[in-house]
Structures are given as structure tokens and as C-alpha cells.
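Asks:
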Amino acid sequence: MLGLEYTNSNQVKKALVSLAIETVLLEIGKPTYDEVIHKLFKVYKCYIPDCYEHPEYLKTILQDLYGSSSTAIIESIKKELEEFETQKGVDVFIAGISG
Amino acid sequence: MLVTLATTGLAMVVAEYLGKKAALVFTDWIFVPIPGALVVLSILSVKRHGLQGSHGKAWISFAIFSAMWFIAEQVWSILELFYNQKPFPSIADFFYIVGYPAYFIFAILYMRPVKKAITKKIVILSLLVAMAVLVPTLYMTFENNSDEDKLSIIIGAFYPVADAVVLVPALIGVVLFFGGKVNFLWSLMLVGIILEVAADTGFQYFSLDNSLYTGHPIDILFLWSYVVLAFGVYDHVKIFKTEKKSLHDKESLR
Numbered sequence: 674m675l676g677l678e679y680t681n682s683n684q685v686k687k688a689l690v691s692l693a694i695e696t697v698l699l700e701i702g703k704p705t706y707d708e709v710i711h712k713l714f715k716v717y718k719c720y721i722p723d724c725y726e727h728p729e730y731l732k733t734i735l736q737d738l739y740g741s742s743s744t745a746i747i748e749s750i751k752k753e754l755e756e757f758e759t760q761k762g763v764d765v766f767i768a769g770i771s772g
Numbered sequence: 002m003l004v005t006l007a008t009t010g011l012a013m014v015v016a017e018y019l020g021k022k023a024a025l026v027f028t029d030w031i032f033v034p035i036p037g038a039l040v041v042l043s044i045l046s047v048k049r050h051g052l053q054g055s056h057g058k059a060w061i062s063f064a065i066f067s068a069m070w071f072i073a074e075q076v077w078s079i080l081e082l083f084y085n086q087k088p089f090p091s092i093a094d095f096f097y098i099v100g101y102p103a104y105f106i107f108a109i110l111y112m113r114p115v116k117k118a119i120t121k122k123i124v125i126l127s128l129l130v131a132m133a134v135l136v137p138t139l140y141m142t143f144e145n146n147s148d149e150d151k152l153s154i155i156i157g158a159f160y161p162v163a164d165a166v167v168l169v170p171a172l173i174g175v176v177l178f179f180g181g182k183v184n185f186l187w188s189l190m191l192v193g194i195i196l197e198v199a200a201d202t203g204f205q206y207f208s209l210d211n212s213l214y215t216g217h218p219i220d221i222l223f224l225w226s227y228v229v230l231a232f233g234v235y236d237h238v239k240i241f242k243t244e245k246k247s248l249h250d251k252e253s254l255r
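The listed protein sequences correspond, in order, to chains H and F. Residue numbers for the first sequence follow my numbering, beginning at 674 and rising by one. Residue numbers for the second sequence follow my numbering, beginning at 2 and rising by one.
(1) Identify each residue in the segment 172-195 of chain F for which the Cβ-Cβ distance to at least one residue of chain B is less than 7 Å, and report them in chain order.
(2) Please confirm if F:ALA118 has its CB atom under 9 Å from at least one CB of chain H.
(3) Work out the CA separation of F:LEU186 and F:LEU254 for me, nearest whole Å.
(4) What residues in the segment 733-756 of chain H bring their beta carbon closer than 8 Å to a beta carbon of chain F?
(5) For F:PRO114 and H:GLN760, I'd like the C-alpha separation in whole angstroms.
(6) Can you give the Cα-Cα distance for F:LYS182 and F:VAL162, rounded to whole angstroms?
(7) From H:GLU700, H:TYR725, H:VAL685, pick the residue whose C-alpha is nearest to that of H:GLY769; which is it?
(8) Residues of chain H with CB under 9 Å from F:SER55, in chain order?
(9) In chain F, which residues lie with their C-beta within 8 Å of the C-beta of H:PHE705?
(10) Can you look up H:CYS719 in the DSSP assignment and give me helix, strand or coil?
(11) For H:ILE710, which residues from the same chain have a beta carbon less than 8 Å from its beta carbon, with the 5 sequence-adjacent residues on both sides left out?
(12) Strictly under 9 Å for the Cβ-Cβ distance: is H:VAL697 near chain F by that measure?
(13) To the nearest angstrom, how far is it from the Cα of F:MET2 to the Cα of F:VAL175?
(14) With 7 Å as the C-beta to C-beta threshold (strictly closer), list the residues of the segment 219-238 of chain F near chain H in chain order.
(15) Output yes if chain F places a C-beta closer than 9 Å to the C-beta of H:GLU708; else output no.
(16) For F:LYS182, which three-state DSSP category applies?
(17) When we look at the beta-carbon of F:GLU252 and count the other beta-carbons within 10 Å, is it buried (16 or more) or exposed?
(18) If you measure between the beta carbons of F:ALA118 and F:LEU168, is that distance less than 9 Å?
(19) What in chain H is Cβ-close to F:VAL115, meaning under 7 Å?
(20) Tell me which same chain residues have a C-beta within less than 7 Å of the C-beta of F:SER226, skipping the five on either side of it?
(21) Please confirm if F:HIS50 has its CB atom under 9 Å from at least one CB of chain H.
(22) Are F:VAL26 and F:LEU82 close, meaning C-beta to C-beta below 9 Å?
(23) Per the contact definition of three or more C-beta pairs closer than 8 Å, is the segment 220-238 of chain F in contact with the segment 45-64 of chain F?
(24) Within 9 Å (strictly less), CB to CB, does F:MET13 reach chain H?
(25) Tell me the rounded alpha-carbon separation between H:THR696 and F:HIS56.
(26) Where does H:ASN681 fall in DSSP's three states?
(27) Please check the pair F:VAL15 and F:PHE105, which I expect to be a contact at CB under 8 Å, by giving their CB distance rounded to whole angstroms.
(28) I'd like to know if F:MET132 contacts chain H, where contact means its C-beta is closer than 9 Å to some C-beta of that chain.
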């Protein structure tokens, strides 16, 4: 029972992180969103929710596209997750994408 | 891009060598396909980006800019080739002038999602560079004793001022996107504007000197500015043409 709760909570956090990433990317533009999901699959064989465990993938792709300004996009994703930043898992994602 | 620059430059030099009439006709006609290519590419970018997001709106603004300058070039050519009228100053200037705010809005909207990365240092440095570009042109304009009418002098002086204004976001863009794929667009935007600054300064200088004519070597810089901007937009269109590819990826997962 406890295991199931943990899994559900983890899935919810994963969804929250995905939503934050998608919101920020779509605010920039649909082609940016498309390019990021394309690169995630092409290079790492994964999707946006997988960035929850591998924030470094997203960071690398954003750097490759937008250079030094990618830090501002990362800041926007962090701002979207502000409310949940202390939650276990989300904090790991934030640390990973910031580092 | 280098081949296009070399070919267009050489063609204009040859036309100039053949005489002023040949240079005039060639220059007026070459300003149809090159600025036209920029319009087509910016429309492609608008089509790709749609109305969504900051970049979608930015590309609409860029398309307006390129369309305004394309119209300006065609008005210039029509006045000169078909009506034998002096094209400067004319209604063409209205379209050139309207193009500047559209370009400025494009730059602002494009950089809006990453505005947090713009530091005061970058802004001050860009402003200083723009001022350094502007001062000599303004000095040249106000210290001259040309017999050009006041309106021509004022309109002629407007362009280097507007160039200096749009130079600021171009410089910021190059620093901001340094190391990223989109930096190629911004580097070419910067080169394009530098060419425009040089061309407008030259235009003002030779105009005050009464030695300017269509097909003058200074027109090569105007043409190159369009070539460089068009290649920048082309590269950007290429980077973000992945909608179909990502759909294909999903299919391949099944």
C-alpha cells in the first residue's frame, strides 16, 4: 500500500515537472517545444516526463539551442515549480537542472 | 551565402562598369528577387511558428518589416524606372521608416522569454557601441554645407539614427544566444545591420556630396544586407522545421 502511494506521488511530481517544462517551452513557441521533444527522442530516446529523472538532458538541449540565454529558460521552469520546490524529487530535478 | 554575396557584388560592379544607365536598371531589378526572398522566408517562418508564443508574434513582426522594405524597394524602382522621378525622398521612405519599428518589435519579442539573462552590462555596452556608430554620422550631417533640401537631409539623417537603435537589440542578441544554434541568426542580424549602417552612412555622405545615383557601389552594401538577413532567417527556419519529424518519432515508438 505504501509502495503504491509512493509511486502515485512520484507520478504526480513527474507530471508537475512535465507541465512546467511544457508551459515554458510553449510560451516561447510551438517550434521550440517540437525541437526539444525531437532532440530528447533523437539523442536520448526519451520524452519530456523522463527529464524528471534526467534534467541534464533538457539542460544540454536548451544550451545547444539558445546558448547562454538557456539559463533564463531554466529559471522560468524553476519559477513554474516554485510552489513544489521543497518536495522530494522536485528538489532533485531543480538541483539537476541548475547545476 | 558567400557565393551569393560574391556573385551579387560582382554583378553590380560589372553593371556599374557598363555605365550609369545599366547600373540603374540592374540595381532596380536585382532589388526585386533578393528582398523578395527575405519576404518569402519570413512568411515561411511565420507559417512554422503560428500565432502561439512569443516567437510566433516576433516572426509576424519580422514579416511586416521585410514586407515594408520590399514594398519600399519596389516603389523606389517604379518611381525611377517607369516615372523617371527622383526616388529620394519619396513615398518609399515611408515604407522604409515603418519597417524599423517592426524590426525592433521582432527583436524585443524574440528576446522576451530570455529577458532575465539580459544584464545591465550587456545593455550599456550595446548602447555605447550604437552611440559610437551614430555620432560620426550625425556630425557629418549637421556640419555639411550641402545644397540638398532640408527634408532630404532630415530623412537621410533618420536612417543612421534608426540603424543605431536596431543595432542595440542585435548586439544584445549575439551576446545572449552565444554558443547556441540560434546565434547564427543573431550574428547575421548583426552583420546585416552593420552593413545597413555602413550603407546608410555612405548614402548620406554621397547624397550630401551630390554624387549619389542608383547603382552606386554603396548599393552593394544595401543588397548584401538583404542577402545576409535572408540567410539568417533560412538557417532559423531549418533549425525549427521538426514538427513532422517529431510525429515520425512517435510513430516509430509503436
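Don't be surprised by glycine CBs; every beta carbon is placed ideally from N, CA and C. Owing to the predicted nature of the structure, the values given are computational and were not obtained by experimental measurement.
Replies: Reading from the atomic positions:
(1) This model lacks chain B altogether, as its protein chains are H and F.
(2) yes
(3) Reliability of the predicted coordinates at F:LEU254 is poor, the pLDDT of 45 falling under 50, and the value obtained from them is presented with this limitation in mind. Computed Cα separation, rounded: 33 Å.
(4) GLN736, ASP737, LEU738, TYR739, GLY740, SER741, SER742, SER743, THR744, ALA745, ILE746, GLU748, SER749
(5) 26 Å
(6) 30 Å
(7) H:TYR725
(8) GLU700, ILE701, GLY702
(9) Strictly speaking, residue 705 of chain H in this sequence is Thr, with Phe absent from that position. Here the neighbours are GLY54, HIS56, PHE241.
(10) coil
(11) TYR720, ILE721
(12) yes
(13) 19 Å
(14) none
(15) yes
(16) coil
(17) Low local confidence applies: a pLDDT of 49 at F:GLU252 is under 50, so the model's placement there is unreliable, and no value is given.
(18) no
(19) TYR739, SER742, ALA745, ILE746
(20) GLY193, LEU196, GLU197, ALA200
(21) yes
(22) yes
(23) yes
(24) no
(25) 14 Å
(26) helix
(27) The Cβ separation is near 36 Å, so there is no contact.
(28) no
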